[in-house]
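Numbering (this note's numbering), first residue to last: 50 to 216. See below for the structure under consideration.
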């Protein structure tokens with residue numbers, strides 16, 4: 050098991066060419082076999098997700114096994130038609146494709162968040178809305194304690210086998 054995971058968050062702005070700088074620590078986490086390549090795809094909840102190439106290969110293999118199941122066809126079309134294999138320039142800039150920019154409702158400011166095996170790219174406005182909804186008005190964060198309890202309960206499960214997102 051690889052102990053590496055993405056974490057932390059930062060705000061960035063798109064330049065006039067729809068580029069943003071991916072933080073250096075996150076770039077290093079994307080390097081595999083000496084190559085900095087990754088896939089940018091639609092994520093959950095209105096964000097975009099950056100996956101390491103090895104993780105994308107696993108995702109593709111799982112999805113290929115289900116490619117003829119009718120209930121997944123629309124999702125597969127949307128996901129793979131908007132998937133981009135990418136890299137950074139020498140300064141660490143990533144070009145945000147216009148279609149993905151539109152799909153994620155990015156206007157200019159973004160939040161780059163490390164989330165376990167992926168990096169999420171959020172429009173700053175949508176990210177702040179999500180966090181405010183999660184935290185709730187001062188003192189009322191009713192959803193957060195329940196979510197935290199359920200997430201930390203995963204650590205106590207007796208089954209030591211790895212958790213697979215796409216099974």
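Think of the CB as a built atom: it goes at the ideal place given N, C-alpha and C, for glycine as much as any other residue.
Option nearest residue i by Cα separation, candidates the options
i: residue 138; options: 202, 76, 156 and 59; result: 76
i: residue 69; options: 136, 194 and 174; result: 136
i: residue 140; options: 130, 174 and 71; result: 71
i: residue 153; options: 54, 79 and 91; result: 91
Contact check, residue i vs residue j, beta carbons under 7 Å
i: residue 164; j: residue 176; result: no
i: residue 67; j: residue 145; result: yes
i: residue 158; j: residue 62; result: yes
i: residue 81; j: residue 113; result: no
i: residue 166; j: residue 104; result: yes
Anticipated Cβ contact below 8 Å, residue i with residue j, distance rounded
i: residue 133; j: residue 65; result: With a Cβ gap of about 20 Å, residue 133 and residue 65 do not count as contacting.
i: residue 78; j: residue 55; result: 6 Å
i: residue 58; j: residue 162; result: 4 Å
Would you call the stretch 88-102 in contact with the stretch 158-177, where contact means no fewer than 3 C-beta pairs closer than 8 Å?
yes
task = Run through the stretch 126-185 for me and flag every whole beta strand (DSSP E) of 3 or more residues, listed as ranges in chain order.
result = 133-135, 142-144, 158-164 and 167-172
Using 8 Å as the threshold, is the stretch 143-151 in touch with the stretch 117-127, meaning 3 or more CB pairs across them? no
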